[in-house]
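Visitor: Quick one: the structure is below, and I'll ask about it shortly.
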Amino acid sequence: MFGNSQMGGLNLGFPDICLTPPAALPIPYPNISLGPVGFPPAFKIFWMCTPSHNILTMPLFSLGDTPGVMGFGVVSHLIMSPTRPVIGAFTMLLMGLPATRLTTINIQNTLNSPGMTIVPAQVKVIILKP
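Right under this line is the structure:
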């Protein structure tokens with residue numbers, strides 16, 4: 001799978017269940033987060049001229065659940081909150097931490113939605129082993 005970097009990438013999580021007005025109904029929404037807003041990347045390791053991502057790199061906000069503004073997320077009680085990678089590639093360490101890649105499992109909107117990286121950030125570095 002292609003390694004993640006600041007060049008791009010997209011994480012998709014579903015269902016992100018949020019309470020939606022006017023009756024506070026729990027409705028599932030798709031939740032997306034973008035790789036270029038991830039912080040802190042591995043600033044010393046560049047893939048295609050952009051810093052690479054390790055397991056500590058978290059996109060700072062997620063999108064898609066904004067209609068559920070009444071009670072926010074059912075589990076996290078937040079809206080547009082960070083995405084956190086759960087499992088990295090332990091055979092490739094970036095600054096001492098596992099690298100993330102395409103198909104990395106994420107927790108999106110702070111525990112409200114399970115997700116996965118579905119769009120590659122770059123197409124030169126491939127991480128094959130788990």
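Just so we're aligned: the sequence shown equals residues 1 to 130 in my numbering. For each residue, glycine too, the CB sits at the ideal point set by N, CA and C. As the structure is a prediction and not an experimental result, all values here were calculated from the model.
1. In the DSSP assignment, find the beta strand (DSSP E) that holds leucine 97 and state where it starts and stops.
2. Could you tell me whether the Cβ atoms of threonine 103 and methionine 7 are closer together than 8 Å?
3. Counting only runs of 3+ residues fully inside the stretch 58-125, write out the beta strand (DSSP E) ranges in chain order.
4. In this structure, how does DSSP classify glycine 35 when only helix, strand and coil are distinguished?
5. Skipping 5 residues on each side, what residues in its chain have a beta carbon closer than 6 Å to that of glycine 73?
6. Below 8 Å between beta carbons: does that hold for threonine 91 and threonine 117?
7. Smallest Cα separation from alanine 121: which of Asn106, His53 and Met95?
Guide: Quick look at the numbers:
1. 97-99
2. no
3. 89-94, 97-99, 105-108 and 113-119
4. helix
5. Cys18, Asn109 and Asn112
6. no
7. His53
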